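Below you'll find the structure, written out as structure tokens, and then a few comments.
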Amino acid sequence: MSLHGFETRPHNGLTHVIDKGLGPRAWEDVLETCGDYISIVKLGWGTAYVTPNLGRKLEVLREKPVVIGGTFLEAVIAQDKVDEYKRWITGLGLTHVEISDGVIDLERERKLELIADFAADFIVLSEVGSKDAEVVFAPYQWVEWIREELAAGAWKVITEGREGGTAGIYRPTGEMRTGLVDEIVHEIEPSELIFEAPTKSSQAWFVKHFGSNVNLGNIPPEEVIPLETLRLGLRGDTLQEVLLGGETAPAG
Amino acid sequence: MSLHGFETRPHNGLTHVIDKGLGPRAWEDVLETCGDYISIVKLGWGTAYVTPNLGRKLEVLREKPVVIGGTFLEAVIAQDKVDEYKRWITGLGLTHVEISDGVIDLERERKLELIADFAADFIVLSEVGSKDAEVVFAPYQWVEWIREELAAGAWKVITEGREGGTAGIYRPTGEMRTGLVDEIVHEIEPSELIFEAPTKSSQAWFVKHFGSNVNLGNIPPEEVIPLETLRLGLRGDTLQEVLLGGETAPAG
Amino acid sequence: MSLHGFETRPHNGLTHVIDKGLGPRAWEDVLETCGDYISIVKLGWGTAYVTPNLGRKLEVLREKPVVIGGTFLEAVIAQDKVDEYKRWITGLGLTHVEISDGVIDLERERKLELIADFAADFIVLSEVGSKDAEVVFAPYQWVEWIREELAAGAWKVITEGREGGTAGIYRPTGEMRTGLVDEIVHEIEPSELIFEAPTKSSQAWFVKHFGSNVNLGNIPPEEVIPLETLRLGLRGDTLQEVLLGGETAPAG
Numbered sequence: 011m012s013l014h015g016f017e018t019r020p021h022n023g024l025t026h027v028i029d030k031g032l033g034p035r036a037w038e039d040v041l042e043t044c045g046d047y048i049s050i051v052k053l054g055w056g057t058a059y060v061t062p063n064l065g066r067k068l069e070v071l072r073e074k075p076v077v078i079g080g081t082f083l084e085a086v087i088a089q090d091k092v093d094e095y096k097r098w099i100t101g102l103g104l105t106h107v108e109i110s111d112g113v114i115d116l117e118r119e120r121k122l123e124l125i126a127d128f129a130a131d132f133i134v135l136s137e138v139g140s141k142d143a144e145v146v147f148a149p150y151q152w153v154e155w156i157r158e159e160l161a162a163g164a165w166k167v168i169t170e171g172r173e174g175g176t177a178g179i180y181r182p183t184g185e186m187r188t189g190l191v192d193e194i195v196h197e198i199e200p201s202e203l204i205f206e207a208p209t210k211s212s213q214a215w216f217v218k219h220f221g222s223n224v225n226l227g228n229i230p231p232e233e234v235i236p237l238e239t240l241r242l243g244l245r246g247d248t249l250q251e252v253l254l255g256g257e258t259a260p261a262g
Numbered sequence: 011m012s013l014h015g016f017e018t019r020p021h022n023g024l025t026h027v028i029d030k031g032l033g034p035r036a037w038e039d040v041l042e043t044c045g046d047y048i049s050i051v052k053l054g055w056g057t058a059y060v061t062p063n064l065g066r067k068l069e070v071l072r073e074k075p076v077v078i079g080g081t082f083l084e085a086v087i088a089q090d091k092v093d094e095y096k097r098w099i100t101g102l103g104l105t106h107v108e109i110s111d112g113v114i115d116l117e118r119e120r121k122l123e124l125i126a127d128f129a130a131d132f133i134v135l136s137e138v139g140s141k142d143a144e145v146v147f148a149p150y151q152w153v154e155w156i157r158e159e160l161a162a163g164a165w166k167v168i169t170e171g172r173e174g175g176t177a178g179i180y181r182p183t184g185e186m187r188t189g190l191v192d193e194i195v196h197e198i199e200p201s202e203l204i205f206e207a208p209t210k211s212s213q214a215w216f217v218k219h220f221g222s223n224v225n226l227g228n229i230p231p232e233e234v235i236p237l238e239t240l241r242l243g244l245r246g247d248t249l250q251e252v253l254l255g256g257e258t259a260p261a262g
Numbered sequence: 011m012s013l014h015g016f017e018t019r020p021h022n023g024l025t026h027v028i029d030k031g032l033g034p035r036a037w038e039d040v041l042e043t044c045g046d047y048i049s050i051v052k053l054g055w056g057t058a059y060v061t062p063n064l065g066r067k068l069e070v071l072r073e074k075p076v077v078i079g080g081t082f083l084e085a086v087i088a089q090d091k092v093d094e095y096k097r098w099i100t101g102l103g104l105t106h107v108e109i110s111d112g113v114i115d116l117e118r119e120r121k122l123e124l125i126a127d128f129a130a131d132f133i134v135l136s137e138v139g140s141k142d143a144e145v146v147f148a149p150y151q152w153v154e155w156i157r158e159e160l161a162a163g164a165w166k167v168i169t170e171g172r173e174g175g176t177a178g179i180y181r182p183t184g185e186m187r188t189g190l191v192d193e194i195v196h197e198i199e200p201s202e203l204i205f206e207a208p209t210k211s212s213q214a215w216f217v218k219h220f221g222s223n224v225n226l227g228n229i230p231p232e233e234v235i236p237l238e239t240l241r242l243g244l245r246g247d248t249l250q251e252v253l254l255g256g257e258t259a260p261a262g
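Chains as they are written, first to last, in our numbering: chain P, 11 to 262; chain C, 11 to 262; chain X, 11 to 262.
So, in structure tokens, the structure goes:
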């Protein structure tokens with residue numbers, strides 16, 4: 011039963027979802043309702059490690075790429091267990107890995123080595139930006155780091171926003187650092203980036219500025235359907251720009 | 011097993027719930043736990059259109075009136091597909107429709123015609139107020155529009171608040187425009203209105219000012235039980251006024 | 011499949027969860043995924059009373075201590091139905107009770123009598139602090155009340171924070187009254203207390219200041235896994251302090 015003649019424009023933006031502990035029944039529901047719109051699922055920071063039924067959860071998620079949050083790998087690096095971590099995620103059947111330095115001090119050389127090393131066996135998402143809301147880097151610095159990490163083998167580079175949108179490309183108040191984002195996109199193809207955008211206002215901003223194809227990350231599972239409507243112009247925030255304005259979506 | 015002798019007062023306020031993409035298992039749970047308190051379910055803005063398992067979802071919701079968010083009809087109007095929309099929602103088995111002009115420019119005449127036209131076959135909820143937080147209309151204007159829409163055949167008129175409580179009868183900060191609400195209720199019976207009230211503080215305000223019978227809209231599914239306790243005076247926010255103060259609830 | 015050689019430190023902090031109306035399917039999911047980390051489940055304020063399938067819900071929760079929110083007992087006290095309430099919760103199979111005076115005026119003597127009386131048959135959690143965000147008590151007053159309630163037979167005393175973290179030990183803005191908390195803990199063993207801490211920032215503050223063993227309350231079900239990662243230092247907010255700093259957790 012379709013709505014005859016009503017048209018929306020397809021898009022190819024990635025939707026990167028953050029999970030902070032949903033159970034298997036909830037994930038079955040999410041996948042049935044909006045699995046078509048989910049590109050990758052991140053088990054946030056160290057949540058996977060404390061999930062007793064992780065095997066069953068991964069079984070439910072088997073049709074989606076799953077990646078463990080970068081903060082957990084940072085904890086692993088601090089305990090010098092990187093090889094054990096590789097074996098662990100291989101044993102879990104994971105094909106993707108996230109490499110970040112948002113919490114620990116990690117020398118640039120070491121981070122780039124880790125990216126290159128993991129890239130031999132995994133699809134690497136690297137992340138740039140601090141989780142400390144007080145830490146602010148200059149735009150040229152972001153651009154340089156992103157380029158280095160792509161060159162080292164990262165499939166995509168994630169721009170930090172935290173689960174709440176309060177650090178990295180956001181101010182502690184949640185307001186976006188739009189100048190920073192514009193400067194990054196001036197130098198780097200948006201299709202190489204995933205912007206963490208946990209709130210509706212930030213998602214709408216990205217869709218309006220970079221188009222429906224923009225890659226967005228840290229989307230809560232319950233916001234996947236709402237984000238899809240933003241991308242298609244089926245919500246008030248983007249209806250004029252996307253559905254009526256006829257602007258195509260150049261990001262991807 | 012009941013609590014012998016403990017008494018609360020029944021109410022007849024409508025609870026209008028907004029769904030933004032829950033799956034069928036979650037809805038089964040919600041209906042089992044608080045279906046008794048749900049008057050109508052709105053599938054917010056264009057979410058229904060992007061829900062692949064919409065048929066199964068409507069099957070789970072079959073005992074409740076379901077209405078598709080007005081923003082989606084606005085998109086349909088903009089594409090000139092109103093007849094197709096009617097056939098679509100008829101095919102879905104829907105009996106209610108929401109007609110709004112919160113996003114697109116719609117001439118008053120045209121909106122009233124649409125209300126009258128749909129009212130021949132559907133129960134119409136019309137909505138007054140802009141989704142643009144910058145747009146502020148005078149109270150007399152709200153009153154005039156509400157009267158016109160009721161006269162055109164609307165069953166109830168919804169006062170705009172958005173999913174977050176940040177436009178229409180709310181300031182962008184989420185604070186309620188209490189003077190506006192008071193002026194509307196001075197002229198229009200509250201039983202003819204549904205006030206969008208997505209936050210606990212706004213729900214408590216309405217219950218305290220207009221009584222337990224007040225019709226409230228855009229209630230998230232997980233807030234139905236909490237709202238029921240507000241209506242009955244079983245939560246701190248309204249216990250004094252509703253349960254102990256002995257004030258009856260005049261709104262309905 | 012474990013991560014060989016990676017180590018975290020066990021803790022014994024209580025995690026006291028607030029439910030505001032989840033259904034039985036959702037609870038099955040929560041218990042399977044993080045039941046190991048849940049010490050006690052509170053059915054917030056009067057929600058249990060309006061839950062039609064309460065028996066089935068309690069059946070799902072049978073392996074956890076369940077307690078009904080103190081505000082409901084306050085409503086029962088106001089209607090002079092305390093004996094009926096005891097029979098009701100006994101009939102429901104509950105072993106714990108919460109006694110508060112956050113909404114109604116209850117003389118100190120009467121509250122202490124109620125604690126002593128219930129303590130003969132139930133495990134009593136008493137609560138100190140007003141739900142009215144305008145009401146501020148001096149730290150010495152909190153300390154005196156907590157001591158009296160422990161002496162009267164309370165198993166633990168809860169420090170008020172509300173579901174949102176906006177009263178009691180919090181300012182209306184959500185900011186914590188850290189001076190008040192420090193003074194309380196200067197006089198009372200933290201292991202005798204449960205601090206209501208519904209937000210991540212407050213949870214992280216407590217873990218950083220009082221260690222992983224701190225007892226935290228009003229944790230939403232979906233925040234149990236995230237809180238567990240905070241306690242173990244597997245999230246950015248506490249990774250330095252707990253996992254790398256080597257500080258042990260003295261609270262318990």
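The beta carbon of each residue, even a glycine, is placed where N, CA and C say it ideally should be. Predicted model only: the values in this text are computed from it and were never measured.
Check, Outcome
"Tell me which same chain residues have a C-beta within less than 8 Å of the C-beta of Leu254 (chain P), skipping the five on either side of it?", "Gly243"
"Would a C-beta distance cut-off of 7 Å place Lys141 (chain X) and Ala177 (chain X) closer than the cut-off?", "yes"
"Taking the straight line between their C-alpha atoms, what separation do you get for Ile204 (chain C) and Thr169 (chain C)?", "6 Å"
"By a C-beta neighbour count over all protein chains shown, 10 Å radius and 16 as the cutoff for buried, is Ser12 (chain C) buried or exposed?", "exposed"
"What are the boundary residues of the alpha helix (DSSP H) that Phe216 (chain C) is part of?", "210-220"
"Tell me whether the beta-carbon of Thr81 (chain X) lies closer than 7 Å to the beta-carbon of Gly246 (chain C).", "yes"
"Cβ closer than 8 Å: which chain X residues qualify as neighbours of Val27 (chain C)?", "The premise fails here: Val27 (chain C) is roughly 13 Å from chain X at the closest Cβ pair, so nothing lies under 8 Å."
"Could you work out which residue in P:Leu32, P:Asp192, P:Leu116, P:Leu71 is closest to Ile235 (chain X) when comparing CA atoms only?", "P:Leu32"
"Could you name the residues of the stretch 21-49 of chain C whose beta carbon sits closer than 8 Å to any beta carbon of chain P, in the order they occur along the chain?", "Lys30, Gly31, Leu32, Gly33, Pro34, Arg35, Ala36"
"Assuming Ile179 (chain C) and Arg187 (chain C) are in contact, meaning their beta carbons sit under 8 Å apart, how far apart are those beta carbons, in whole angstroms?", "5 Å"
"Check whether the Cβ atoms of Thr25 (chain C) and Ile229 (chain C) lie closer than 7 Å to each other.", "yes"
"Under DSSP, the beta strand (DSSP E) around Glu206 (chain X) begins and ends at which residues?", "203-206"
"Quick check on DSSP: helix, strand or coil for Ile48 (chain X)?", "coil"
"Does DSSP classify Thr81 (chain X) as helix, strand or coil?", "helix"
"Using a Cβ-Cβ distance cut-off of 7 Å, determine whether Pro62 (chain P) contacts chain X.", "yes"
"Measuring alpha carbon to alpha carbon, tell me which residue in P:Thr100, P:Arg241, P:Arg181, P:Ala148 is nearest His21 (chain P).", "P:Arg241"
"Checking the sheet assignment: what are the DSSP bridge partners for Gly227 (chain P)?", "P:Glu206"
"Between Leu254 (chain X) and chain P, is the shortest Cβ-Cβ distance under 7 Å, so that the two count as touching?", "yes"
"In chain C, which residues lie less than 9 Å from Glu154 (chain P) when you measure between Cβ atoms?", "The contacting residues do not exist; Glu154 (chain P) stays about 37 Å from chain C at best."
"Which term fits Tyr59 (chain X), buried or exposed, when burial requires 16 or more other beta carbons within 10 angstroms of its beta carbon?", "buried"
"Consider the Cβ of Thr57 (chain C): report whether some Cβ of chain X lies at a distance smaller than 7 Å.", "no"
"Return no unless some Cβ of chain P is closer than 7 Å to the Cβ of Thr81 (chain C).", "yes"
"If we ignore side chains and look at the alpha-carbon of each, how far apart do Thr258 (chain P) and Pro182 (chain X) end up?", "In this prediction, Thr258 (chain P) scores a pLDDT of 46, lower than 50, which makes its location untrustworthy; no coordinate-derived value is stated."
"Can you grab the Cα-Cα spacing for the pair Trp55 (chain X) / Gly79 (chain X), in whole Å?", "4 Å"
"Check the Cβ of Gly112 (chain C) against every Cβ in chain P and list those closer than 8 Å, keeping chain order.", "Gly246"
"Applying the criterion that 16 or more other CB atoms from any shown protein chain within 10 Å of the CB defines a buried residue, is Thr105 (chain C) buried or exposed?", "exposed"
"Under a three-way DSSP split, which group does Ile99 (chain P) fall into?", "helix"
"Straight-line CA distance for Ile28 (chain X) to Pro231 (chain X)?", "7 Å"
"Counting only C-beta atoms, is Glu238 (chain X) closer than 7 Å to chain P at any point?", "yes"
"Out of X:Arg97, X:Glu159, X:Ala36, which has the shortest C-alpha to C-alpha gap to Leu71 (chain X)?", "X:Ala36"
"For Ile235 (chain P), return the contacting residues in chain C, with the cut-off set at a CB-CB distance below 8 Å.", "Lys30, Gly31, Thr57, Val60, Thr61"
"Between Gly163 (chain P) and Leu53 (chain C), what straight-line distance do the alpha-carbon atoms span, to the nearest angstrom?", "43 Å"
"Determine the closest residue to Ala129 (chain X) out of X:Leu160, X:Gly221, X:Val138, X:Gly101, with distance taken between C-alpha atoms.", "X:Leu160"
"Nearest to Glu137 (chain P) by CA position, among P:Gly65, P:Gly112, P:Ala143, is which residue?", "P:Gly112"
"Give the single residue among P:Lys30, P:Pro200, P:Phe147 whose Cα lies nearest to the Cα of Leu64 (chain P).", "P:Lys30"
"Run through DSSP, which three-state label would Thr248 (chain X) get?", "coil"
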